[in-house]
Amino acid sequence: MAKRASESDGSRKSGAELVVRIGGWEQLGTAASAVRLAVFVQEQGIAAELELDERDAGAVHAVAFDARGEPIATGRLLPDGHIGRMAVLRAARGQGVGATILRSLMAIAITKGMRELRLHAQTSALGFYARQGFTPIGQEYLEAGIAHRTMVRALTSAG
């Protein structure tokens, strides 16, 4: 499944076309891994063995591709309603690509009948997720050596 987003819906400032593909790890694993390794391992210093896990196989993945067909952002939805591994390449940040990935995953969750989503947000991204309707719960904690907060969002059929 592919979704095309353009400047008209606020997804990109450049006017270049953005394609979001939704699928399983078999279809999107190579592209998702490239983005995740660049962001989490190379940029943030997280150990590669912590980044890639067994839950990828059962997750629904969303990957955004730029006009050249290069993967620039990704995220995953687990069967229990957890969104995770949200990553946007540094050069693509601030253009609405992360929000497009998140909205795509939320839409899939609604079609699966999920009523609530949870995620572990790096504290530097709390504002981003709050703008998407997520609310922090609990205390700050460390995950892979980085400060996080759990956030939740109720879902309705309207999103």
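The numbers in the working numbering rise by one with no breaks, and the one at position 32 of the sequence shown is 29. Glycine is no exception: its CB is placed at the ideal position from the N, C-alpha and C atoms.
Residue i, DSSP secondary structure in three states
| i | result |
| --- | --- |
| residue 100 | helix |
| residue 124 | helix |
| residue 29 | helix |
| residue 37 | helix |
| residue 24 | helix |
| residue 113 | strand |
| residue 43 | coil |
| residue 137 | strand |
| residue 146 | strand |
| residue 91 | coil |
Neighbour-count burial assignment, residue i, 16 or more Cβ in a 10 Å radius
| i | result |
| --- | --- |
| residue 110 | exposed |
| residue 121 | exposed |
| residue 64 | exposed |
| residue 142 | exposed |
| residue 112 | exposed |
| residue 93 | buried |
| residue 128 | exposed |
| residue 76 | exposed |
| residue 139 | exposed |
Residue from the options with nearest C-alpha to residue i
| i | options | result |
| --- | --- | --- |
| residue 66 | 130, 116, 28 and 21 | 28 |
| residue 79 | 101, 115 and 87 | 115 |
| residue 46 | 58, 126, 57 and 33 | 33 |
| residue 17 | 57, 129, 125 and 140 | 57 |
| residue 145 | 152, 130, 126 and 151 | 126 |
| residue 43 | 152, 124, 19 and 82 | 82 |
Whether residue i touches residue j by CB criterion (7 Å)
| i | j | result |
| --- | --- | --- |
| residue 38 | residue 48 | yes |
| residue 61 | residue 70 | yes |
| residue 84 | residue 36 | yes |
| residue 74 | residue 106 | yes |
| residue 135 | residue 102 | no |
| residue 148 | residue 104 | no |
| residue 131 | residue 100 | no |
Cutoff 7 Å: residue i Cβ touching any chain C Cβ
| i | result |
| --- | --- |
| residue 95 | Within the model displayed, chain C is absent; a lone protein chain is all it includes. |
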